[in-house]
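Since the structure comes first, as structure tokens, the remarks are kept for the end.
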Amino acid sequence: KREEPYYHPHELYTESRRATQVLLLSAEINHLMADFNIQVQKVLARKEEDMDKVSERLDRLQEIHFELKSSKVETHFRSHASENAELVLVVSDEDIQVERWLTQEERTLKAEADRLASVEAALVNKDDVAAKVRALRQMMGGTLEKKKRNLMDDLDREPWMDEPTDTWTPELHKEYKAFLERCKVHDEEREKMRKQLEQEERTLKAEVDQIVKGYNQTLFDIVMAKVQADMKVCTWEMMCIKLARTTADLIDTSADMVHLEADLEATRTGAEALFVHLPEAKKEVERRRAVLEAQVAEEKAIDKAFRRDFAEYDEFFEQLLKAFRWRPSKKTHKDTEDES
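Counting from 3, one number per residue, gives the positions in the sequence shown under the numbering used here.
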């Protein structure tokens, strides 16, 4: 098992280690993806090999169906166009929607090719034996081999065998008897061949099923490997994002702490400047408190004297008391200076 090259989460207590962890995880992701791509290439190579093996057996099965005079048709496996990554770099004539521009040399070659094609078509369409032979050779890939006789076919009967037996000569009777013997031997060979072909058919189908089953298992394994790889990649990417976010938050927090320390220092400096005037402020407070107490005592004495002097005027006492309390306050020269 490959040893994990990155730090344990409990060891990520410095900014440099967190940055190193991100780089290590990124390299690990690239390594994992490269390993998975190699596995995929091996699976694709095996797929091509298995498809070739299956195609060979399916071709043989189709021949067996033909020999057994069966109407079964075997379906061959084909790769999808999207499985070939190189096709995205290939441009076919169908992909080009505009008319192709040809140089003078290309137009000359095209005209000559069209002329030769028309001459060849005229020769093929001409009603003569040579043209028919050429067409037949072209259709059969340049060969005119005699088709191999199928053992499952019946022996050919002579035309005279369908005539009444009373018209046959002794030689024809003897030849017919030999024909029946050949038919018997042919039937035995045909039955033997049929059993062999059926056995071969079952064997080929079992081999095809085994190849397909093996490839499906390989495909299932690579799919599960992809799921595991995706889980690891997503986990590591989330770790990278979290580490980057944590580092950014710590940087922002450090900047905020610097600003807070500067504000605290400025506040401390201002407070120290205010502490210098604190004794004078206390003296002023005490002086004003003494003045206030004296004024309050004086107001109480005046109020008491007012009640005593005007107590006999009950009808107007309340109005007089209100008017007395609304009188302008008496200010000292010191208070006037302080207000100024």
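Glycine is no exception: its CB is placed at the ideal position from the N, C-alpha and C atoms. All figures in this text were calculated on a predicted structure; none of them were measured in a lab.
Through-space distance from residue j to residue i, alpha-carbon basis
| i | j | result |
| --- | --- | --- |
| E314 | L280 | 52 Å |
| S356 | E203 | The chain is shown from 3 up to 342; residue 356 falls before or after that span and cannot be answered. |
| V187 | L118 | 55 Å |
| T16 | H82 | 51 Å |
| H12 | A21 | 15 Å |
| E274 | E282 | 15 Å |
| E300 | V293 | 10 Å |
| F181 | D116 | 57 Å |
| H175 | D189 | 21 Å |
| E200 | Y178 | 32 Å |
| Q198 | K207 | 14 Å |
| W238 | M53 | 37 Å |
| K302 | G272 | 43 Å |
| A29 | E65 | 54 Å |
| E50 | V75 | 22 Å |
| V131 | E88 | Reliability of the predicted coordinates at V131 is poor, the pLDDT of 46 falling under 50, and no value is obtained from them. |
| M259 | N86 | 58 Å |
| E317 | Q297 | 30 Å |
| E107 | D223 | 56 Å |
| E96 | W103 | 15 Å |
| V93 | T205 | 43 Å |
Near the ligand COA: residue i beta-carbon under 7 Å from a heavy atom
| i | result |
| --- | --- |
| G272 | Here there are no bound small molecules, and the ligand COA is not part of this structure. |
Three-state secondary structure (DSSP) of residue i
| i | result |
| --- | --- |
| P330 | coil |
| L104 | coil |
| W170 | coil |
| A299 | helix |
| F318 | coil |
| R159 | coil |
| I98 | coil |
| N39 | helix |
| A313 | coil |
| K49 | helix |
| V90 | helix |
| T77 | coil |
| T245 | Before going on, a small fix: residue 245 reads as Leu here, not Thr. If DSSP states are grouped into helix, strand and coil, L245 belongs with the helices. |
| T110 | helix |
| A34 | Correcting the residue identity first, residue 34 is Leu in this sequence and not Ala. Looking at L34 - three-state DSSP - the assignment turns out to be helix. |
| E85 | helix |
| T271 | helix |
| H10 | coil |
| S72 | coil |
| Y178 | helix |
| H261 | helix |
| E122 | helix |
| T205 | helix |
| V279 | Here the sequence assigns His to residue 279, which means Val is not the residue at that position. Correct three-state label for H279: coil. |
| E193 | helix |
| E165 | coil |
Residues near residue i by beta carbon distance below 7 Å, same chain, minus five either side
| i | result |
| --- | --- |
| E147 | Residue placement at E147 is poorly supported in this model, since its pLDDT is 46, which falls under 50; the coordinates are not used for a value here. |
| V229 | none |
| M241 | L27 |
| F312 | F319 and L322 |
Integer-rounded CB distance, given that residue j should sit under 8 Å from residue i
| i | j | result |
| --- | --- | --- |
| L344 | H78 | In the structure displayed, the chain extends from 3 to 342; residue 344 sits before or after that span and is not available. |
| Y217 | R48 | 7 Å |
| I31 | V225 | 20 Å between Cβ atoms; not a contact. |
| L34 | A268 | No, L34 and A268 are not in contact; Cβ-Cβ is about 53 Å, not under 8 Å. |
| V45 | T220 | 6 Å |
| L2 | Q23 | Here the chain has residues from 3 to 342 only, and residue 2 is not among them. |
| Q41 | A257 | Going by Cβ atoms, the distance from Q41 to A257 rounds to 47 Å, so no, they are not a contact pair. |
Neighbourhood of residue i by C-beta distance below 8 Å, restricted to the same chain and skipping five residues each side
| i | result |
| --- | --- |
| S73 | H67 |
| W162 | W170 and L174 |
| T248 | R20 |
| L14 | R20, Q23 and L245 |
Residues near residue i in its chain [Cβ-Cβ closer than 6 Å; skip 5 each side]
| i | result |
| --- | --- |
| L55 | It is Lys, not Leu, that sits at residue 55 in the sequence shown. Taken in chain order, the residues that qualify are I213. |
| F326 | F308 |
| D305 | none |
| F38 | A231 |
| V210 | V56 and R59 |
| I98 | none |
| E160 | none |
Short CB-CB distance (under 8 Å) between residue i and chain D
| i | result |
| --- | --- |
| S84 | Protein chains in the displayed structure number just one, and chain D is not present. |
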